[in-house]
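K.L.:
This structure is in structure tokens; I'll ask about it shortly.
Numbering (the working numbering), first residue to last: 1091 to 1481.
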């Protein structure tokens, strides 16, 4: 920490980090990532099928062609000539997704920035392992990566990190973002990737068991911990009996998927939430208990996170009320999984986009990365550079 500013100034005095060096290192890293290596980095309880899918997704996202395509899409063909790095990025990452802190650093490297990572409390060591591997493959990256494990409450050291940053990348909820706004100086760019909420929307005419299984898979494999994960399901109706019927139909699918993906099922928190909900604070609220999971049926129209992993909500939301109901959440909405008739899809998608939703997909794909798609409605690499011109 004492030498940090001088070290950063020394690196800034050199030529810009060549993105091809970063791309080559990432390409080699993911191609060396096999199942045995992934086992040392990920949770030992991860199902084999899920592990294989994660490896396949990583190879697709971080291969040379994908990264080069992304740079050209987001920054243009002449990205090294008409852009300049912000300089030094401080990444204050969240721990709700495996490897997210390392992913954030890679984005900073691609744009030529020096990167300081403050680890989240529950990172588990995966990000450090990935970044260490990246440096082993390409030692030139070492001076562009700093990792600290300070608590977010350690204001003395956090303030020192903020003082050397040209941009602060914050992943987290409203409280984390508000706290940083009070600390970041006006001459430092604050780049927010705030908390988002995603959900499914189902129409009676489009309901299929295959589509319901897709939502159940997403809930089970993410434990509903991601911004893109299905927190609950809205049904295009104002009839609570139809909501209860959907709960009964959906519960067996959720039970099977949770059994396949989770070794723990419902936690003590989930059990408490289900019990509290069963006290029926409103006449139309009902609890549907399953093995390792549960569903809360409610007639309130709040867009909210699931109260606990594997405990989604299901609520009525007639399409005529979508705009009025979702408008207040416009800056917190991310993905909607649509299960509807083909003749309804374009109209519903247009309606959701007008409320602030930025991505429409099916339930199964809600949390699966898509190449060359924006993050929360924005191309992130553009936020990590300045557009330059030379007269």
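Quick reminder that beta carbons are idealized off the backbone N, C-alpha and C, glycines included.
Going by DSSP, which residues form a beta bridge with residue 1378?
P.N.:
Within the chain shown, the letter at position 288 stands for residue 1378. Looking at the DSSP assignment, residue 1378 forms a beta bridge with 1385.
K.L.:
Starting from residue 1343, trace the alpha helix (DSSP H) both ways and give me its first and last residue.
P.N.:
To locate residue 1343, count along the chain shown from 1; it is residue 253. Looking at the DSSP string, the run of the alpha helix (DSSP H) that includes residue 1343 is 1330–1351.
K.L.:
Secondary structure at residue 1276, three-state DSSP: helix, strand or coil?
P.N.:
Taking the first residue of the chain shown as 1, we reach residue 1276 at position 186. Note: residue 1276 maps to coil in three-state DSSP.
K.L.:
Which value, in whole angstroms, describes the spacing of the CA atoms of residue 1440 and residue 1429?
P.N.:
Along the chain shown, one-based indexing puts residue 1440 at 350. Along the chain shown, one-based indexing puts residue 1429 at 339. Between residue 1440 and residue 1429, the C-alpha separation is close to 15 Å.
K.L.:
Can you tell which of 1121, 1284, 1418 has the C-alpha that lies nearest to the C-alpha of residue 1267?
P.N.:
One-based indexing of the chain shown puts residue 1267 at position 177. Closest by alpha carbon: 1284.
K.L.:
Given a threshold of 16 other Cβ atoms within 10 Å of its Cβ, counted over all protein chains shown, does residue 1104 qualify as buried or as exposed?
P.N.:
Against the chain shown, residue 1104 aligns to sequence position 14. The residue in question, residue 1104, is exposed, as its Cβ has fewer than 16 Cβ neighbours within 10 Å.
K.L.:
Closest to residue 1333 by CA distance: which of 1151, 1343, 1377 is it?
P.N.:
Looking up residue 1333 in the chain shown gives position 243. Here the closest residue by C-alpha is 1377.
K.L.:
Which residues in the same chain have their Cβ closer than 7 Å to the Cβ of residue 1420, if we skip the five residues on either side of it in sequence?
P.N.:
Position 330 of the chain shown, counted from the first residue, corresponds to residue 1420. The residues are 1445, 1446.
K.L.:
Does DSSP put residue 1205 in a helix, a strand or coil?
P.N.:
Here residue 1205 corresponds to residue number 115 of the chain shown, with the count starting at 1. Strand at residue 1205.
K.L.:
How about residue 1386 and residue 1367: are their beta carbons less than 7 Å apart?
P.N.:
As a working mapping, residue 1386 is identified with position 296 in the chain shown. As a working mapping, residue 1367 is identified with position 277 in the chain shown. Yes; because the gap between Cβ atoms is below 7 Å, this pair is in contact.
K.L.:
Where does the unbroken alpha helix (DSSP H) through residue 1424 begin, and where does it stop?
P.N.:
Within the chain shown, the letter at position 334 stands for residue 1424. From DSSP, residue 1424 is part of no alpha helix (DSSP H) but of the beta strand (DSSP E) over 1423–1429.
K.L.:
Going along the chain, which residues of its own chain have a beta-carbon closer than 6 Å to the beta-carbon of residue 1411, five neighbours each way excluded?
P.N.:
What you label residue 1411 is simply residue 321 of the chain shown in a count that begins at 1. No residues qualify anywhere along the chain.
K.L.:
Apart from the five residues on each side of it in sequence, which residues of its chain come closer than 7 Å, Cβ to Cβ, to residue 1380?
P.N.:
Numbered from its first residue, the chain shown carries residue 1380 at position 290. If we look at residue 1380 and ignore the five residues flanking it on each side, its Cβ neighbours are 1341, 1344, 1345.
K.L.:
Are the stretch 1215–1231 and the stretch 1110–1125 touching by the rule of at least three beta carbon pairs closer than 8 Å?
P.N.:
Yes, since at least three Cβ pairs between the stretch 1215–1231 and the stretch 1110–1125 fall closer than 8 Å, the two stretches touch.
K.L.:
At the level of alpha carbons, what is the spacing between residue 1261 and residue 1149?
P.N.:
Here residue 1261 refers to the residue found at position 171 of the chain shown. Here residue 1149 refers to the residue found at position 59 of the chain shown. Their Cα atoms are separated by approximately 24 Å.
K.L.:
Select from 1273, 1209, 1220, 1107 the residue whose C-alpha is nearest the C-alpha of residue 1198.
P.N.:
Position 108 of the chain shown, counting from 1, holds the residue named residue 1198. The shortest C-alpha separation from residue 1198 is found at 1107.
K.L.:
At which residue ranges does the stretch 1205–1271 contain complete beta strand (DSSP E) runs of 3 or more residues, listed in the order of the chain?
P.N.:
Listed in chain order, they are 1235–1238, 1257–1262.
K.L.:
Using a Cβ-Cβ cutoff of less than 6 Å, which residues in the same chain neighbour residue 1188 once the five nearest sequence positions on both sides are dropped?
P.N.:
Looking up residue 1188 in the chain shown gives position 98. So the qualifying residues of the chain are 1216.
K.L.:
Have a look at residue 1079 and residue 1324 and give me their C-alpha separation to the nearest angstrom.
P.N.:
An answer regarding residue 1079 cannot be provided, because it is not within the stretch 1091 to 1481 covered by the chain.
K.L.:
Once the 5 residues before and after residue 1221 are set aside, which same chain residues still bring their CB inside 7 Å of it?
P.N.:
The residue given as residue 1221 occupies position 131 in the chain shown. Excluding positions up to five away in sequence, the list reads 1192, 1195, 1235, 1237.
K.L.:
Is the number of C-beta pairs between the stretch 1143–1160 and the stretch 1168–1187 that are closer than 8 Å three or more?
P.N.:
No contact exists between the stretch 1143–1160 and the stretch 1168–1187.
K.L.:
So, do the stretch 1164–1174 and the stretch 1240–1253 have three or more beta carbon pairs nearer to each other than 8 Å?
P.N.:
The stretch 1164–1174 vs the stretch 1240–1253: no contact.
K.L.:
Can you tell which of 1093, 1463, 1248 has the C-alpha that lies nearest to the C-alpha of residue 1233?
P.N.:
Taking the first residue of the chain shown as position 1, residue 1233 is located at position 143. For residue 1233, the nearest C-alpha among the options comes from 1093.
K.L.:
At what residues does the beta strand (DSSP E) containing residue 1449 begin and finish?
P.N.:
As a working mapping, residue 1449 is identified with position 359 in the chain shown. Note, residue 1449: beta strand (DSSP E), 1449–1451.
K.L.:
From 1312, 1271, 1451, 1154, pick the residue whose C-alpha is nearest to that of residue 1401; which is it?
P.N.:
Locating residue 1401 in the chain shown gives position 311, counting from the first residue. When only C-alpha atoms are compared, the closest one is 1312.
K.L.:
Going by C-alpha to C-alpha distance, which of 1363, 1350, 1383, 1369 sits closest to residue 1338?
P.N.:
By 1-based counting over the chain shown, the position of residue 1338 is 248. Checked all of 1363, 1350, 1383, 1369; the closest Cα to residue 1338 is 1383.
K.L.:
May I ask you to list the residues that DSSP assigns as paired with residue 1288?
P.N.:
Looking up residue 1288 in the chain shown gives position 198. 1320.
K.L.:
If the criterion is Cβ atoms closer than 7 Å, does the pair residue 1427 and residue 1456 meet it?
P.N.:
As a position in the chain shown, residue 1427 is number 337, starting the count at 1. As a position in the chain shown, residue 1456 is number 366, starting the count at 1. A contact, by the Cβ cut-off of 7 Å.
K.L.:
Starting from residue 1180, follow its DSSP beta bridges and name the residues at the other end.
P.N.:
Position 90 of the chain shown, counted from the start, is the residue given in the question as residue 1180. Note: residue 1180 sits in a beta bridge opposite 1206, 1258.
K.L.:
Taking only three categories from DSSP, how would you classify residue 1173?
P.N.:
Locating residue 1173 in the chain shown gives position 83, where the first residue counts as 1. Reduced to three states, the DSSP call for residue 1173 is strand.
K.L.:
Looking at the structure shown, is residue 1406 part of a helix, part of a strand, or coil, going by DSSP?
P.N.:
In the chain shown, residue 1406 corresponds to position 316, counting from 1. Strand at residue 1406.
K.L.:
What's the gap between the Cα of residue 1249 and the Cα of residue 1273?
P.N.:
Taking the chain shown and counting its residues from 1, the one referred to as residue 1249 is at position 159. Taking the chain shown and counting its residues from 1, the one referred to as residue 1273 is at position 183. Residue 1249 and residue 1273: Cα-Cα distance of roughly 7 Å.
K.L.:
Short of 8 Å in beta carbon distance, which residues of its chain neighbour residue 1263, apart from the five on each side in sequence? Order them along the chain.
P.N.:
Start at 1 with the first residue of the chain shown, and residue 1263 comes out as number 173. Cβ within range, chain order: 1284, 1285.
K.L.:
I need the DSSP call for residue 1393, collapsed to helix, strand or coil.
P.N.:
Here residue 1393 refers to the residue found at position 303 of the chain shown. Correct three-state label for residue 1393: coil.
K.L.:
Work out the CA separation of residue 1200 and residue 1173 for me, nearest whole Å.
P.N.:
Counted from its first residue, the chain shown places residue 1173 at position 83. Counted from its first residue, the chain shown places residue 1200 at position 110. Those two C-alpha atoms are separated by around 12 Å.
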